[in-house]
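Colleague:
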Amino acid sequence: VHLVAGRMAFWSVCCTERNGKTMTIKEFYETMGVNSEGIIARFANEERVKKYLGKLLDDQTFLNLAKAMEQADYEQAFFAVHTLKGVAANLDLLPLYQACGQLTEILREQKQPDEAQARAVYEQVQTAYESVIAQIPAVL
Numbered sequence: 590v591h592l593v594a595g596r597m598a599f600w601s602v603c604c605t606e607r608n609g610k611t612m613t614i615k616e617f618y619e620t621m622g623v624n625s626e627g628i629i630a631r632f633a634n635e636e637r638v639k640k641y642l643g644k645l646l647d648d649q650t651f652l653n654l655a656k657a658m659e660q661a662d663y664e665q666a667f668f669a670v671h672t673l674k675g676v677a678a679n680l681d682l683l684p685l686y687q688a689c690g691q692l693t694e695i696l697r698e699q700k701q702p703d704e705a706q707a708r709a710v711y712e713q714v715q716t717a718y719e720s721v722i723a724q725i726p727a728v729l
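Just so you know, we're using our numbering here: the sequence shown kicks off at 590 and counts up by one.
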C-alpha cells in the first residue's frame, strides 16, 4: 500500500530532521493551539501523557484508514476514522480530532460518499496525523 509506505517514509524523515531535539508536553500541545493543563490533569501527570502519545506511534488505525480509503472501502474507512477520532479526542490532539470528525460525518451520512469530498477531507486527516506523529518523538 503506497500510502502506508509514504507515511512511514515521512515519519522517518521527520524524526531524522529533529536531530535529537526535545520539547515539553506544554510545547507539543502549544504547536496545536491546545492548553496542556487539561490533558495533564486528566492523565494525572506528564509521564502518562507521554506513554499514551508513544502508543500512538505503534497504533495501526491510521494505516487501516489509509488502506480502506485507497480501496474505496468506505465502511471500513468509517470505522477506522471514527476510532482515530476517539483517540485524538482522548489525547487532546485537536487538529486531528477536527479533521477526523469531518471525515467521520461524510462517511457516516452516505453509503457511497462523494469521493472527491471524502478524499479531500482524508488528505486533511493525513496532514494532521503526520504532523502529530512527526512531533511525538521529540516529547518521548
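All C-beta atoms in this analysis are idealised placements derived from N, C-alpha and C, irrespective of residue type, glycine included.
Could you work out which residue in Val676, Ile722, Ala669 and Ala727 is closest to Arg697 when comparing CA atoms only?
Modeller: Looking at the Cα atoms, Ala669 is the closest of the given residues.
Colleague: What are the boundary residues of the alpha helix (DSSP H) that includes Leu654?
Modeller: Thr650 to Glu659
Colleague: Would Leu683 and Tyr718 qualify as a contact pair, given that the criterion is a beta-carbon distance under 8 Å?
Modeller: no
Colleague: Between Asp647, Val638 and Thr611, which has its C-alpha nearest Asp681's C-alpha?
Modeller: Val638
Colleague: Would you say Pro702 and Tyr641 are within 8 Å of each other, going by their C-beta atoms?
Modeller: no
Colleague: When DSSP labels each residue in this structure, what does Thr613 get in the three-state scheme?
Modeller: Coil.
Colleague: Could you give the distance in angstroms between the alpha-carbon of Gly622 and the alpha-carbon of Ala661?
Modeller: 33 Å
Colleague: Which whole-angstrom value describes the C-beta separation of Ile695 and Ala707, a residue pair presumed to lie in contact below a C-beta threshold of 8 Å?
Modeller: Sure, about 5 Å apart at Cβ, within 8 Å.
Colleague: Where Thr613 and Ile725 are concerned, what is the direct C-alpha to C-alpha distance, given to the nearest angstrom?
Modeller: 10 Å
Colleague: Just the C-alpha distance for Leu673 and Ala657, rounded to the nearest angstrom, thanks.
Modeller: 13 Å
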